[in-house]
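**Student:** Residue numbers (this note's numbering): 920 to 1391.
No residue lacks a Cβ here, since even glycine has one placed at the ideal position from N, Cα and C.
All of these numbers come straight from a predicted model, not from anything done at the bench.
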């Protein structure tokens, strides 16, 4: 008889347990965002969401339980308690100054703002170094929902639930893609699209900047649509990780974006401006080693979008010094790990962050051509046609170029360029002076343009007449 009552009691216990579990899983309330590692301008918060399409829920007496070495139950929220269908409630730490803090402008008016009755979640706040469990309890202290976070966030970034109607398995939560999280809004990770490999590419690398300059990486949107950069991450080497941006940022197609270690970059490249298509990491460097390293670009889902393992050997063989000279792609749509697609920047500034690469080549099969304009020209100092411009388009993507000027007797009178590394499209100004900076006489001169394709050894020669004239 005692054994019978024992089994009946045991069965009753399991029935009560199942009903209790059913009540937990059947609640339309869910934890939807946790800010456990706030930055300097924000505080900890827990966000709730009512997934019901019909029921308003009174959360009077509900609690947040944060597990530490000594579990704490934080008592009822302070503020409004009616949570409508599809509505968010944001529970701020009790010590946070909402009216003087950043969340006053971030949280939408249709969200409920609540505070816990103690100063912090836990004795001194949530742990940002060790993972913990955060639970939502009803007025009877029954657990309605639990999320176990892992401490892998940067300061100021929350954990967000992706699909609010699903369970809290790890794959349904991600780090927010924007600073300060999205309290009271749909998670930033919900609206992030998937991108294909090669849609955003690594296009320029400054790994050995000169004095007053900064290490930087340039990226190019090679796709036909805008790319949302929030959530993108750049991994350099085995340990360094950098966020592309801390805000929602749409990069238009065929546009450039720059990640720089320091704001000193603005002093070197005037086309860059604070608040433009650039992120300053605020670090001493981007860990871009002079001997080369691996760079991996990942989207918000952790998918590799582009990667490159650069080496100093990618610089031009005839470049005397590579200090403060970036590595540039000849064409951003070509493969990132092909040696022939990289070479030394030929810009006088040493780099071209935020604009087309100095060695860019669109067409690698055309014949080399050159033009001179104006021709004749009159270098007499009157301000009218005192110079002529030699424009040349080369068949090779990158060449060593030499341009010399000969008089009608075949004597060399001026060397304009001597073994200069040049892209396929370039221009040189001729001022009508000889190598001693003396004006050349009026007459017909011959331009001799000699090019040697970098890496290929193919030699091309172009000859053009140029006429110097003056007023009689």
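Which residues in the same chain have their Cβ closer than 8 Å to the Cβ of residue 1010, if we skip the five residues on either side of it in sequence?
**Tutor:** Taken in chain order, the residues that qualify are 964, 965, 966, 967, 983, 996, 1033, 1034, 1035.
**Student:** Taking 8 Å as the threshold (C-beta atoms), are residue 1057 and residue 1175 in contact?
**Tutor:** The answer is no: Cβ separation not under 8 Å.
**Student:** If you draw a straight line from the C-alpha of residue 1088 to the C-alpha of residue 1067, how long is it?
**Tutor:** Taking the straight line joining both Cα atoms gives about 9 Å.
**Student:** For the alpha helix (DSSP H) that residue 1022 lies in, which residues bound it at each end?
**Tutor:** Counting along the chain, the alpha helix (DSSP H) containing residue 1022 begins and ends at 1022–1025.
**Student:** So, is residue 944 buried or exposed, given that buried needs 16 or more other C-beta atoms within 10 angstroms?
**Tutor:** Low per-residue confidence applies at residue 944: pLDDT is 47, beneath 50, and the placement is therefore not dependable, though the value from the model is reported in the following sentence. Residue 944 should be labelled exposed.
**Student:** At which residues does the alpha helix (DSSP H) containing residue 1184 begin and terminate?
**Tutor:** Note, residue 1184: alpha helix (DSSP H), 1184–1187.
**Student:** Would residue 1177 pass as a contact of residue 1214 if the rule is Cβ separation under 8 Å?
**Tutor:** Result no, Cβ atoms of residue 1177 and residue 1214 do not sit closer than 8 Å.
**Student:** Mapping the DSSP letters down to three states, classify residue 1170 as helix, strand or coil.
**Tutor:** Strand, per DSSP.
**Student:** Just mark residue 1059 as buried or exposed, buried being the case when its beta carbon has 16 or more other beta carbons within 10 Å.
**Tutor:** So residue 1059 counts as exposed.
**Student:** Drop a sphere of 10 angstroms on the beta-carbon of residue 1209, count the other beta-carbons inside from all chains shown, and report buried for 16 or more, exposed for fewer.
**Tutor:** Burial call: exposed.
**Student:** Go through its chain and collect everything with a Cβ distance to residue 1038's Cβ below 8 Å, but skip five positions before and after it.
**Tutor:** Within the same chain, residue 1038 has close Cβ partners 1012, 1013, 1014.
**Student:** If we call anything under 8 Å between Cβ atoms a contact, is residue 1065 one with residue 1054?
**Tutor:** Yes, Cβ-Cβ distance for residue 1065 and residue 1054 is below 8 Å.
**Student:** Measure from the alpha carbon of residue 1116 to the alpha carbon of each residue in 1341, 1193, 1211, 1251, then state which is nearest.
**Tutor:** For residue 1116, the nearest C-alpha among the options comes from 1251.
**Student:** Put residue 1089 into one of helix, strand or coil per three-state DSSP.
**Tutor:** Residue state, collapsed to three classes: helix.
**Student:** In whole angstroms, what is the alpha-carbon distance linking residue 1006 and residue 1135?
**Tutor:** Taking the straight line joining both Cα atoms gives about 43 Å.
**Student:** Using the rule of at least 16 other Cβ atoms within 10 Å of the residue's Cβ for burial, across every protein chain shown, is residue 1051 buried or exposed?
**Tutor:** Residue 1051 comes out buried.
**Student:** Among the residues of its own chain, which have a CB less than 7 Å from the CB of residue 1190, if the five just before and after it don't count?
**Tutor:** Same-chain partners within the cutoff: 1273, 1274.
**Student:** Starting from the C-beta of residue 940, find all residues in its chain whose C-beta is less than 7 Å away, skip the five residues before and the five after it, and write them out in chain order.
**Tutor:** With a pLDDT of 38 at residue 940, under the threshold of 50, the modelled position of that residue is not reliable, and the figure given next carries that caveat. Excluding positions up to five away in sequence, the list is empty.
**Student:** If you draw a straight line from the C-alpha of residue 1360 to the C-alpha of residue 1340, how long is it?
**Tutor:** For residue 1360 and residue 1340, the distance between alpha carbons rounds to 30 Å.
**Student:** Compute the distance between the beta-carbons of residue 1314 and residue 1371, then report whether it is under 8 Å.
**Tutor:** The answer is no: Cβ separation not under 8 Å.
**Student:** Reducing DSSP to helix, strand and coil, say where residue 1259 ends up.
**Tutor:** If DSSP states are grouped into helix, strand and coil, residue 1259 belongs with the helices.
**Student:** Starting from residue 954, trace the beta strand (DSSP E) in both directions and tell me its first and last residue.
**Tutor:** Segment 948–954, the beta strand (DSSP E) holding residue 954.
**Student:** Looking only at its own chain, which residues have a Cβ that is under 6 Å from the Cβ of residue 917, when we skip the five neighbours before and after it?
**Tutor:** It is not possible to answer for residue 917, since the shown part of the chain is limited to 920 through 1391.
**Student:** Compute the beta-carbon to beta-carbon distance between residue 1182 and residue 1199, rounded to the nearest angstrom, for a pair I have assumed lies under 8 Å.
**Tutor:** Their Cβ separation, rounded to whole angstroms, is 5 Å, which keeps residue 1182 and residue 1199 in contact under 8 Å.
**Student:** If contacts are defined as beta-carbon pairs under 8 Å, then residue 1383 and residue 1289 qualify, I think. What distance do you get, rounded to the angstrom?
**Tutor:** Indeed, because the Cβ distance is near 6 Å, the residues count as touching under 8 Å.
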